[in-house]
Structures are given as C-alpha cells and as structure tokens.
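By full-length UniProt numbering, the letter at position 172 of the sequence shown is numbered 172, and the numbering carries on one by one without gaps.
Glycine included, C-beta positions come from ideal geometry on N, C-alpha and C.
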Amino acid sequence: MTYVCKVGENRPVKTFSGHQDEVNAVKWDPTVSFLASCSDDYTAKVIDNFSLTPFYMKQDDHLHDLKEHTKEIYTIRWSPTGAGTNNPNHQLVLASASFDSTIKLWDVELGCLLYSLNGHSLEYNSSHHNLKTYTGNGGIFEVCWNKEGDRIAACFSNNIVCVLVSVCSRFYFPILVYYDHHHGRTSFVEFDYFLELICLGWKAVVVCAWNPTCSLLASGSHDSTARIWTIVDGACNSTLQDVLVLTHAGAMTVEDNGFAAICELDWKGDGTLLATGSCTGETRIWTPNGALVASFEEDMGHIVSLQWNQMGNSLLSCGSDKVVVWDINTVGSRQEFSFHSARILDADWRNNISFATCSADRKIHVCEVGLNRPYKTFLGHRAEINGIRWSPTGTLLASCSDDTSIKIWSMNHNSFVRDLRSHKREVYCIEWSPTGPTTDNPNLTLLLASSSFDNTINVWDVERGNPIYGLTRHRNIIYTIEFSPNGEYLASGSLDNWLYVWSVKEGRLIKSYYGGGGVTDISWNKSSDKIAVSFVNKLVCVLDLKM
C-alpha cells in the first residue's frame, strides 16, 4: 500500500494499491504532479496526483504500468527536468534501478521505455590499469541525477559507481567516471560514442563519404580503421582486393577498447587526399591508394568535425575541446582556436579562410584564420547548439539546438533573422539544399531540412520562415539527413534501422531500405544515383537508385 499523508491530519489523505508485492520506494516528480512507486513485483507505477487509481500511461493502448524489469526494482528517481523546473527544455524522465542490474529510463508522458542501460563486460585499458565499465554483474541500489538532469549515477552491489553523462538529452557518454571501492581508485575515460554503439560492441561503421571525382567510397569504423572501397555498377561483387584498409598506427583496437575509433572523414575537393579523424584527437591524411601522407596528433578530445576548405589548402579539425586549422602546404603549421567554455559540438567552413563553431555553451563563434579572436559571436539559443551549416553562398548560417528551435543568422545582423519553430523536441541535424543562385542548381529554390529527436523531418522555406512539409515516417531518432547533389532528393537515416529517400519537390517517399541496424551516416555520390549508408551493425552498403 502507498499512503499520501498531510501534516495535521490523523489519517491518510489518499491510499493507493495495485502492487502485488512490497513497495520499496515512492518519489514525487519535481512539480508534484505524479507519484512513482516501485516494488518487488518487478514493476514501477506512475500515479496521477489527482487520481485514486494508477495513472495508466498508454502505448498502443495496452501499457498500464512499467513492466520491463526482470527482478525487483529497488529504487526510482525523477529527473530534475520538464515544465516547471530549472531545465524546462528537457523532458521529464523517470529512472528505475533493479536487481536485474539494469537502469531503465521512462518517458512518463507516453509511459514507454526510452532506454535500457544493460551494461556490458568489456575491459578498457587506461594508462595506469584495466578497468571494467558498467558491468551489470550486481544489483543497483541507488541512482541519482545531477542538477541539470543530463547525468545519472548508479551504485552497484559489486562496489562500482558509474556516472553516465548526457544520457537523456544527448544520447552521448562524453565522460565515464568509475570509482572502485575495493581498490580505492577513480578512473576517467573520455569518449563521445552513441549509446547504441556502446551496447552493440564498439564495431559500428559510423561515417562514410564518396570521393568527389570517382567511384571510391571511404568508411570509418569503431574498429580503429578506415576503408576505401572501389564501387562498380551492378549487384554487390566487392572482394577483399577491392578494399584498402587504413589503420591508425598505434591505435587501440576494439579489443583494446576502441578509443581510437574513426569518427570523422572527409575527401579533399579534388579527390586526391582523404582525411580521417579519431576519437583520440588524431588526424591522418591518406592518398586514394592508401598511402599515409601526414599524421597530426593533438590533445583536443573527440573529433566532432573534419573538413577541407574549398581550396584544399587547409584542414579544419574540430575536437570537443578546441579547433585546429592545419596548413597542408606547410606540414605541421597550425592555428588553434579555443574560445568556447563548454564542449564544442560542430564546425563548418564559410569560405576558404573563415568558419563557424558551436558549443554546449549556447554560443556561435565566427572565426578567421590569422585572427586570434572571433570576429563575430551569435547569441540567442537557450540550450546547447547541436549543429551549424552555412548556406551555399555563405550569406546565411543555420543553427539547431536542444531548445527545439532552428535559427538563421546573417553576418549583417547581430541577432538571428529567422526563428524556425515546429519540432517538439531537440533538433539534431540541419542541411541546406545545394540549390539557388551560384549553385549547380540555380533554378531550384534554396531549402533547409531539419531532423529532431521527435522522429520527424521538416523542410523549410527559409525566406518566409515556414515549414513547407513534414516527414513523419521514422519511428526513432533521425541521426542523419542529406540532400542529393542535384537537389532532387533528401535521404534520411534513423535508429529505427530504416533509410528513406524522399522526393524534395513532392515530399513523397520514393525509396526505402531496412538495414537491420541504426543508420549512422549517409553520403550521396556526385551524380546523385548512388547513396552510401553506414550502420551500427558493422555494415556499410551502397544503394543504386537506378536499379
């Protein structure tokens, strides 16, 4: 039984029943709208403050309580987020911890499971010793959120404390902190891997890119290698001799933790060089034949963006801590840009000498090679900024944020010129169409596409500030979107394992492909008739739109 009591009253104000075994914990949400309870009957229940019966959170009209655990649930904790809190831009989440060694995160509006943190038994090497991650070998006795609601800590019966960073709002684990009570030591491991990649064993293919001049395809994986594939027309016939394997020398393999996973790559505009970036901050440059030309090591954190400028004489390497621009003509010549006060999340060239960066500090800096400070800073977002993209002419800059908005900025103004709002959750990706004046498709209207954690895509008329249409077929987070070079198609890839190709003109689905794993990256070839797709299940495939 659960009793709700009031000081001064000599009997319960309300009494709740429904659990089939002893109730271990009860917790009010931050605004005292809901009461959660957990029990030895393996369930958690959420009760409406205004009801005397369990508040049934429905999913497909049949979910009446939270039943995913397989053993007793020992504790529950509400996130300090949602309407009425200090973190209103992040949804309210309930965490439940069980003797089945899992933490489960619940969407309390829908009553559905968001994530199950099941752990794994991989060992990770640090410079001092081996340590085990969130092993799941013992029951979980306590969980707690940080005040921002983007970190959750768990206490295990096997004396391990694990802090998972940004589980709810960002789906990333930038820092894991382990305290081993038995050995009395603390270990820090920095990485920025996607949650599903961790659960699937660190071998996911996370990035792919076509050579702009020929039929070579590059892919990067969490096995610490990049590969260059020779793609021919017709059905799949690739053999080992069609593949060049580029190994980051000295990099740790999957068995050695996978911390040197290849997370970014980019072909030079003339197709003569390939740049690869790892999660250790190392950048390497290769020829299409697989020869290593240069290697740059920098203490900059996980590389989140790696881009050649249009001339091909500078390479922008953006880490979570700072941005470095390398002068390719003078090997080793570099300029460092460290202007943000929090993690850098994206960067994009404007032209051959200037670029923009965005960060969790909610700022956008426009920088120029040769200057030692930003020459323009944009402020206006209310939460971390996930992505930025310059329009094809470099006159407009689009940004997307966890505050659910997209903003359009002009170098002629100090504030945003458009505030685009339609998404219900964090906006993760934005892409300009390769259309409009000065592009290869001048007769087509310039458009902007956005994808969100609400599982939808919007295509925007930026000039009017309105969405033209929305695409709602995906059933999970849309991790990547990209227009075809001819501007006729938009491809989208999601963690629902589906790749969709849409007609931009009609907003209609024309092709679909089920990959059996979440989609991590998309790349069109120059002629817009082939699309490469990488998946978390270790696959990279090429789809021919002519077949």
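In the DSSP assignment, Gln20 falls outside any beta strand (DSSP E), carrying neither H nor E. Within a 10 Å sphere around the beta-carbon of Tyr428 sit 16 or more other beta-carbons, which makes this residue buried.
Relative to Ser224, the option among Gly277, Ser39, Asp521 and Ser215 whose CA is nearest is Gly277. In this structure Leu420 is in contact with Gly465, their Cβ atoms being roughly 6 Å apart against a cut-off of 8 Å. Counting the other Cβ atoms within 10 Å of the Cβ of Leu345 gives 16 or more, which makes it buried. Taking C-beta atoms as the reference points, Phe34 and Val93 fail to come closer than 8 Å.
The alpha carbon of Lys526 has as its nearest neighbour, out of Leu265, Gly271 and Ser17, the alpha carbon of Gly271. No Cβ-Cβ contact shorter than 8 Å links Val207 with Ser215. Contiguous beta strand (DSSP E) elements confined to the segment 406-456 occur at 416-421, 427-432 and 448-452, taking only those with 3 or more residues. Just measuring C-alpha positions, the residue of Gln310, Met311 and Trp326 sitting nearest Ser317 is Trp326. Contact between Cys367 and Ile388 does not hold, since the beta-carbon distance rounds to 12 Å and is not under 8 Å. Assignment of Glu506 by DSSP, reduced to helix, strand and coil, places it in the coil class. Here Ser399 is not near Asn458, since their CB atoms are 8 Å or more apart.
Distance between Arg425 and Arg382, taken at the CA atoms: about 13 Å. The Cβ neighbour count for Ile430, taken over all protein chains shown within 10 Å, is at least 16; the residue is labelled buried.
For Asp361, there is no enclosing beta strand (DSSP E), as DSSP marks it with neither H nor E.
Only exposed fits Phe141, as fewer than 16 other CB atoms lie within 10 angstroms of its CB. Counting only runs of 4+ residues, no alpha helix (DSSP H) is found wholly inside the segment 325-386.
In the DSSP assignment, Thr283 falls within the unbroken beta strand (DSSP E) covering Glu282 to Trp286. In its chain, beyond the 5 residues on either side, Arg284 have a beta carbon closer than 6 Å to the beta carbon of Ser295. In this structure, Pro212 sits near Gly269, with a CB-CB distance shorter than 8 Å.
Thr480 has its alpha-carbon roughly 22 Å from the corresponding atom of Asn309.
Residues Asp327 of the same chain have their beta carbon placed closer than 6 Å to that of Ser333, with the five preceding and five following residues left out of the count. Annotated as proximal: Val304 and Gly319, with beta-carbon spacing under 8 Å.
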